[in-house]
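Visitor:
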Amino acid sequence: IPYTLGAEPIHQGLFASTLSPQSGVKDTRDRSISHHCATCLFSAKKTPPCPRCLPHVTAACPDGWVGYQGNCYYFSETEGNWNNSQSHCSSLNASLASIDSVPELNFMLRYREIPYRWIGLQKEQGEGQPWKWTNGTIFNNLFQVRGEGQCAYLDDHGVSSSRCYSERHFICSQTWFPVLHGPLGIHR
1 IPYTLGAEPI HQGLFASTLS PQSGVKDTRD RSISHHCATC LFSAKKTPPC PRCLPHVTAA
61 CPDGWVGYQG NCYYFSETEG NWNNSQSHCS SLNASLASID SVPELNFMLR YREIPYRWIG
121 LQKEQGEGQP WKWTNGTIFN NLFQVRGEGQ CAYLDDHGVS SSRCYSERHF ICSQTWFPVL
181 HGPLGIHR
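Given below as C-alpha cells:
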C-alpha cells in the first residue's frame with residue numbers, strides 16, 4: 001500500500017506502477033484496465049489484440065522490503081558489523097545498499113528511521129585506497145564520506161565512515177523482480 005514520505009510515494013511490497021510493452025508505464029490502481037480488457041476479450045468482433053490487454057509487468061519486492069526507483073530495500077531490525085551485515089544481505093539474495101544518485105541517498109536518509117546504518121561502501125586500509133561498492137565498482141565521489149574508517153554508514157548528515165567491526169543496523173538492496181500478469185491481472 002503506498003503512502004507518502006516527503007515528496008515521493010513510498011511503496012512497500014509492490015510498486016504502484018506497471019510496465020506495459022505497448023503503452024509504457026501504467027498505474028496498477030487504474031481499475032479501468034480490467035473493465036477495458038474484459039470488454040475487449042469478450043467482444044464478438046474479430047479485432048486485433050487490444051494493446052491495453054497485453055501482458056504487463058509489475059515490480060514486486062519481498063514482504064518487509066521497500067521499493068524505490070526499481071530497487072527493493074531492506075532496513076534491518078538487527079545490528080551487525082560490516083562483514084556480518086553484508087553476509088546477512090547475501091543470505092537474502094541482496095547486498096549492502098549501493099547509492100547511484102543523490103535522490104536515492106536522500107530516500108535512504110529519510111526512510112532509515114535508525115540514525116546509523118551500514119551501506120555497501122568500503123575501502124582497504126592504507127593511504128590513498130579508493131572507496132568501492134560491494135560489487136567492486138569504484139565509488140565516483142557522488143557525495144562526501146566523512147571520517148577515517150574503512151566502512152561507510154548513513155548518519156544524520158549524510159555518509160560517514162568508521163571501523164568495520166562496529167555494530168550497526170544496515171540496509172540491503174536488490175533489483176526488483178518482475179512479475180508477469182495476463183490481461184485480467186492473472187499470473188502466467
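Residue numbers for the sequence shown follow full-length UniProt numbering, beginning at 1 and rising by one.
In this text, a Cβ means the ideal position worked out from N, Cα and C, and glycines have one as well.
Remember, it's a predicted structure, so these values are computed and weren't measured experimentally.
1) Note down, one range per segment and in chain order, each beta strand (DSSP E) of at least 3 residues found wholly within the UniProt domain "C-type lectin" (68-173).
2) Using beta-carbon positions only, say whether Tyr165 and Asn81 come within less than 8 Å of one another.
3) By the 10 Å Cβ neighbour count, where 16 or more other Cβ atoms means buried, how is Arg117 classified, buried or exposed?
4) Could you pull out every residue in the same chain whose Cβ sits closer than 6 Å to the Cβ of Ala97, ignoring the five residues on either side in sequence?
5) Could you give the C-beta distance for Asp156 and Pro115, rounded to a whole number, given that I count them as a contact under 8 Å?
6) For Lys123, which residues of its own chain have a beta-carbon under 7 Å away from its beta-carbon, when the five flanking residues on both sides are left out?
7) Please state whether the Cβ-Cβ distance between Phe139 and Arg112 is less than 8 Å.
8) Which term fits Thr134, buried or exposed, when burial requires 16 or more other beta carbons within 10 angstroms of its beta carbon?
9) Excluding the 5 residues flanking Arg168 on each side, which residues of the same chain have their C-beta closer than 7 Å to its C-beta?
10) Do Gln144 and Gly126 have their C-beta atoms within less than 8 Å of each other?
11) Rounding to the nearest angstrom, what Cα-Cα distance links Ala60 and Arg163 in this structure?
12) Rounded to whole angstroms, what's the CA-CA distance from Trp65 to Ala94? Just pull it up for me.
13) Take the Cβ of Ser161 as the centre, count every other Cβ of all protein chains shown within 10 Å, and call the residue buried at 16 or more, exposed below.
Guide: Quick answer:
1) Within the UniProt domain "C-type lectin" (68-173), the complete beta strand (DSSP E) runs of at least 3 residues are 71-75, 117-122, 151-155 and 158-162.
2) By one-based count along the sequence shown, residue 165 stands at place 165. By one-based count along the sequence shown, residue 81 stands at place 81. Taking 8 Å as the Cβ cut-off, Tyr165 and Asn81 qualify as a contacting pair.
3) Translated into positions along the sequence shown, residue 117 becomes position 117. Its Cβ being crowded by 16 or more others within 10 Å, Arg117 is buried.
4) Counting from one through the sequence shown, the residue named residue 97 turns up at place 97. Scanning its chain for C-beta atoms nearer than 6 Å, with the 5 sequence neighbours on each side dropped, one finds around Ala97 the residues Ile119, Gly120, Ile171 and Ser173, in chain order.
5) The residue labelled residue 156 in the question sits at position 156 within the sequence shown. The residue labelled residue 115 in the question sits at position 115 within the sequence shown. With a beta-carbon spacing of about 6 Å, Asp156 and Pro115 fall inside the 8 Å limit used to define contacts.
6) Against the sequence shown, residue 123 aligns to sequence position 123. Gln129, Pro130, Trp131, Lys132 and Gln150.
7) Translated into the one-based positions of the sequence shown, residue 139 becomes position 139. Translated into the one-based positions of the sequence shown, residue 112 becomes position 112. No.
8) In the sequence shown, the residue the question calls residue 134 occupies position 134. It is buried - the Cβ of Thr134 has at least 16 other Cβ atoms within 10 Å.
9) What you label residue 168 is simply residue 168 of the sequence shown in a count that begins at 1. Correct list, in chain order: Glu79, Tyr116, Arg117, Trp118 and Tyr153.
10) Counted from its first residue, the sequence shown places residue 144 at position 144. Counted from its first residue, the sequence shown places residue 126 at position 126. The answer is no: Cβ separation not under 8 Å.
11) Translated into positions along the sequence shown, residue 60 becomes position 60. Translated into positions along the sequence shown, residue 163 becomes position 163. Straight through space, the alpha carbons of Arg163 and Ala60 are spaced by roughly 35 Å.
12) On the sequence shown, residue 65 is found 65 positions in, with the first residue counted as 1. On the sequence shown, residue 94 is found 94 positions in, with the first residue counted as 1. Computed Cα separation, rounded: 11 Å.
13) Looking up residue 161 in the sequence shown gives position 161. It counts as buried.
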